[in-house]
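This report refers to the structure that appears directly beneath it.
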Amino acid sequence: MTTTGPRAIGITEEALRFIAAGVIVLTAIVLALTLVVIIHHIVTDRQRRRNRARFETASMLLAPHLVNNSPSLDEAVAVARSKAGDRAVGLVLRRARYDLKGPIVDRITGILVATGEVRKLLGEAKSRRDWRRAGAVRGLGECGGAEAKEALISAAADDVSSEVRRAAREGLLSDGSGEAVHAAVRSFIADLPRRSGWRRSFYARLAAVAPDQLTELIRSGELKGTEEKLAIEALGDAGRPVALVLAMERIGAPEAEMRATAVRVIGKVATDREVPVVIEALQDPEWFVRAAAARAIEWMATLNAATTQHNWQQGACEKLAEHMTDSSWWVRANAARALSRCGSSGVQLLLTASQSSDRYARDAAIAALATAPLQPEVRLQVKKRIDELMEQSQPAIPAPRPKELFA
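Numbering (the numbering used here), first residue to last: -15 to 391.
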């Protein structure tokens, strides 16, 4: 039975008033939160602009004295602290120490210790917040000095945060001393099972600042599989002569991935004597080793482009031309790119391949010629060949029918 009358109406009105009150409260909360966000944005933006202005002021006051290692640097620091504040001065000095070389580096470290910047960062490095410790550790790496190094060694070995340990390793590598590099390597080895995204950057940095330690690590056998390959490639990218020795020792490895790594490294640091090894790798049963060999020849040809064409290039070009019909697309593409960097002989072979009955070889040749540094007359030949291919690929246009057929 349906309830009607004043009682039912009263309940409905009470519910409506409750809903209206709820809407008003929610609206007020939304407006309050919006106002808080706007105020926060205004305040932080103003603070950001103020910090930027202070940093620029400190930079202008200190830069001439830092670059010239001026005797009046201490006085300039005192003036900059009074005008821009300790935070801005500390940041400028830390960044300058990271970029500069020579006696000024130790002098900046002494100033950072004397002004309390190192003491402040040491305190922040004990924070419970991971992000604050990571920032402090990065700052200590920029400051340098015995106190900072001791804190970095401790953080690299014992901190519970992988981000803090990584920041500590970067600071230790920047320090460059044997003790610091050894601590960074030990921390890195201990972290290997946990994360992998930062490995390549660590090897690259270690190859740049301490190639002997990285070589020792490779020869120790502690690095296996991918780790060993990344380390050797880092030495090759850094142009270290020892990379060639390590690569030649592994060019006949049973693992195809290691052979590919070895041939890539040889291509970056090889001399003419190692060319036969790279050419032989073009016959490897694994496609990615053949592709790496073709890319290595491209690097060697590009490196020698500024000089006269070497004797090995003709033989290498003939082998590359054979792989224009390789079963792997990557091998064909890399072979074509290598030919395009091997001077006139390579370009002529590409022009020949552009008329091949193999469609894949034609495509690879045309793509390589389109980006190759060519002489004007050769470029005209390439354009003519492309036009011919375009005409062959277009369907014939049917002749128009007489108008009377439409009547």
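Backbone N, C-alpha and C fix where the C-beta goes; we use that ideal spot for every residue, glycine too.
All values derive from a computational prediction rather than experimental measurement.
Roughly how many whole angstroms lie between the Cα atoms of T292 and M308?
Interpretation of T292 is limited by its pLDDT of 44, a score under 50 that renders its predicted location unreliable; no figure is taken from the coordinates.
Reference W296, options E206, W313, P269, A254, closest by Cα:
A254
Check T292 in the structure and name its three-state DSSP category.
With a pLDDT of only 44 at T292, under 50, the local geometry of the prediction cannot be trusted, and no value is derived from it.
Which residue's Cα is closest to the Cα of D159: W283, R81, I202, E108?
R81
Touch check for the segment 84 to 94 and the segment 48 to 56: three-plus C-beta pairs under 8 Å?
yes
Which residue marks the beginning of the alpha helix (DSSP H) containing C326, and which one marks its end?
Looking at the DSSP string, C326 is not in any alpha helix (DSSP H), and its letter there is neither H nor E.
Give the C-beta separation of A167 and V148 to the nearest angstrom, bearing in mind that I take them to be a contact with Cβ-Cβ under 8 Å.
Not confirmed; about 14 Å, so no contact.
Given L96, which residues of its chain have a CB within under 6 Å of its CB, disregarding the five upstream and five downstream residues?
L77, V102, C127
If you run the structure through DSSP and keep just helix, strand and coil, what is T255?
coil
Can you tell me the Cβ-Cβ gap for Y187 and A215, rounded? I've got them flagged as a contact below 8 Å.
5 Å
Quick one: does L214 have its CB under 8 Å from some CB of chain C?
No chain C appears in the structure shown, which is made up of a single protein chain.
Count the other CB atoms within 10 Å of the CB of V9; is the residue buried (16 or more) or exposed (fewer)?
exposed
According to DSSP, is G236 part of a helix, a strand, or is it coil?
coil
Distance, H25 Cα to L15 Cα
15 Å
Please report the residue range of the alpha helix (DSSP H) in which S185 lies.
183 to 193
For D196, which three-state DSSP category applies?
helix
So what does DSSP say about A(-1), is it helix, strand or coil?
helix
Tell me whether the beta-carbon of E217 lies closer than 8 Å to the beta-carbon of T245.
yes
Would the beta-carbon of N318 fall within 8 Å of that of R279?
yes
Determine the direct distance from the alpha carbon of A5 to that of L19, and round the result to whole angstroms.
21 Å
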